[in-house]
Amino acid sequence: MNFSVAMCVYEGDNPLFFDKAIKSILDNTLIPDEIILIVDGPVSKKHEQIIDKYFKELTVYRFKENQGHGVARRKSLELCNNELVALMDADDICLKDRFEKQINVFKNNSKLSIVGGQIEEFIDDVENIIGKREVPLSDDNIKTYMKKRCPMNQVTVMFKKKDIIKAGNYLDWYSNEDYYLWIRMALNNLKFQNIDDTLVYVRVGKEAYQRRGGKKYFLSEFRLQNYMLKKGIISVPRWIINVAERFVLQIVMPNKLRGIIFQKLARR
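Here it is as structure tokens:
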């Protein structure tokens, strides 16, 4: 089965990590037919050197100014020529059999729209794993979990392009473009699955968990909870619990404590 990889890079991405991310795609047991790279605004000379290094493997589209994740991912999907599309971030590392495992799942179940998996988070080196984000596996459990938290690890997903388009494609929603898309896919009765294997090593900074808070972050989550309530995905009691938990975690809680909570309780 042919498939594409959609990837975005912007000036804030580390060029060395960007290089390793592309290499991990090309080192897979199944190589994509194309890699669509969105250059989201001006990037450094070092970024350009990496792009030049892999120019034969990349199809590059450039935005003159930074557009943000939602817009960049939307454009990358529009440019993909294959029905199956895998996402990849510019600083993560694919496991060598990631794509092979996902393709096999699609071969065994043609009704699926999206297949993701587990992630392990590391600092500096993949040997320094500091957490694992485990998500539910079956369609029913994913849609139940969706009522409380984001049920897919975005950087691991492979999906059918036509089904993402059916749900409206990626749309801008601060820090929650992926969660917003999964919700709309569920509203369109599309089928989800996650693999019970780690598919991607995700690079995080030492303060990554601590930064997942603040007024702007909370308001984005608050709006998303309102959307789920309006669409009948969650009940009023569930809305109250979700908003209260996020208010405490993202507004009330000090950054350092938030970091501990995310690492110890929200991850394994």
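Plus 1366 on top of the position in the sequence shown (first one is 1) and you've got this note's numbering.
By construction, the Cβ of each residue, glycine as well, lies at the ideal position given by its N, Cα and C atoms.
A quick note: this is a predicted structure, and the numbers were derived from the prediction, not measured.
Proximal residues to Asp1563 (C-beta, below 6 Å), its chain only, five neighbours per side dropped | Counting only residues of its own chain and dropping the five nearest sequence neighbours on each side, Asp1563 has a CB closer than 6 Å to the CB of Gly1483.
Return helix, strand or coil for Asn1555, following the three-state DSSP convention.
-> Of the three classes helix, strand and coil, the one that applies to Asn1555 here is coil, per DSSP.
The segment 1565 to 1572 in contact with the segment 1444 to 1463 per 3-pair CB rule at 8 Å | Three or more beta-carbon pairs separated by less than 8 Å link the segment 1565 to 1572 to the segment 1444 to 1463, which places the two stretches in contact.
Could you name the residues of the same chain whose beta carbon sits closer than 8 Å to that of Arg1338, not counting the 5 residues immediately before and after it, in chain order?
-> No answer is possible for residue 1338: it lies beyond the span of the chain, which begins at 1367 and ends at 1634.
Expected contact under 8 Å - CB spacing of Tyr1545 and Leu1503 to nearest Å | No, Tyr1545 and Leu1503 are not in contact; Cβ-Cβ is about 18 Å, not under 8 Å.
Compute the Euclidean distance between the alpha carbons of Lys1557 and Lys1411, then round it to the nearest angstrom.
-> Roughly 42 Å separates the two Cα atoms.
Glu1493 by DSSP, collapsed to three states: which one?
-> Looking at Glu1493 - three-state DSSP - the assignment turns out to be coil, as it is neither helix nor strand.
Find the nearest neighbour of Gly1407 within the set Glu1486, Ile1607, Pro1381 and Lys1430, judged by alpha-carbon distance.
-> Across the set Glu1486, Ile1607, Pro1381 and Lys1430, the C-alpha of Lys1430 shows the shortest separation from the C-alpha of Gly1407.
My guess is that Met1619 and Ile1549 are in contact by the Cβ rule of under 8 Å, so how many angstroms apart are they, rounded?
-> Not really, about 25 Å apart at Cβ, beyond 8 Å.
Can you tell me which of the three DSSP states Gln1433 falls into?
-> Reduced to three states, the DSSP call for Gln1433 is coil.
Any idea what DSSP makes of Ser1370, helix, strand or coil?
-> In this structure, DSSP gives Ser1370 an extended state, which the three-state scheme calls strand.
For Lys1582, which of Ile1599, Val1602, Trp1539 and Gly1598 has the nearest alpha-carbon?
-> Nearest option by C-alpha distance: Trp1539.
Sorted by chain position, which residues of the same chain lie with C-beta nearer than 7 Å to Gly1434's C-beta, five sequence neighbours on each side aside?
-> For Gly1434, same chain residues with a beta-carbon under 7 Å away, outside a window of 5 residues either side, are Asp1538 in chain order.
Report yes or no: do three or more beta-carbon pairs, one from the segment 1491 to 1498 and one from the segment 1509 to 1528, lie closer than 8 Å?
-> Segments in contact, no.
Lys1473 versus Ile1495, Leu1450, Glu1486 and Glu1487, residue with shortest Cα-Cα distance = Nearest C-alpha to Lys1473: Leu1450.
Cα separation between Asn1608 and Ile1617?
-> Taking the straight line joining both Cα atoms gives about 14 Å.
Taking the alpha carbon of Phe1369 as the point to measure from, which residue in Ile1600, Tyr1420, Gly1598 and Ile1402 has its own alpha carbon closest?
-> It is Ile1402.
Could you pull out every residue in the same chain whose Cβ sits closer than 6 Å to the Cβ of Val1409, ignoring the five residues on either side in sequence?
-> Result list for Val1409: Glu1377, in chain order.
Which residue from Glu1400, His1413 and Asn1394 puts its Cα closest to that of Asp1385?
-> In this structure, His1413 is the residue among Glu1400, His1413 and Asn1394 with its C-alpha nearest to the C-alpha of Asp1385.
Whole angstroms is fine: what's the gap from Val1602's alpha carbon to Ile1485's?
-> Going from the Cα of Val1602 to the Cα of Ile1485 covers about 31 Å.
Which residue or residues does DSSP assign as beta-bridge partners of Asn1560?
-> Here Asn1560 is bridged, per DSSP, to Gly1482.
Given that a residue counts as buried once 16 or more other Cβ atoms are within 10 Å of its Cβ, and exposed if not, what is Ile1397?
-> Under this definition Ile1397 is an exposed residue.
Does Arg1604 have its Cβ less than 9 Å from a Cβ in chain D?
-> Note that chain D does not occur in the displayed structure, where there is just one protein chain.
Could you check what DSSP says for Met1524 in three-state terms: helix, strand or coil?
-> For Met1524, the three-state secondary structure derived from DSSP is strand.
Going by C-alpha distance, which of Thr1510, Met1518 and Ser1479 is nearest Gly1598?
-> Comparing Cα positions, the closest option is Thr1510.
The alpha helix (DSSP H) with Glu1400 in it runs from where to where?
-> No alpha helix (DSSP H) holds Glu1400; the beta strand (DSSP E) holding it covers Glu1400 to Asp1406.
Which same chain residues, not among the five before or five after Ala1552, have their C-beta less than 8 Å away from its C-beta?
-> Hits under 8 Å: Lys1509, Met1512, Phe1558 and Ile1599.
Ser1601 CB to nearest heavy atom of the ligand NAD below 8 Å = Ligands in the displayed structure: none, and consequently the ligand NAD is not present.
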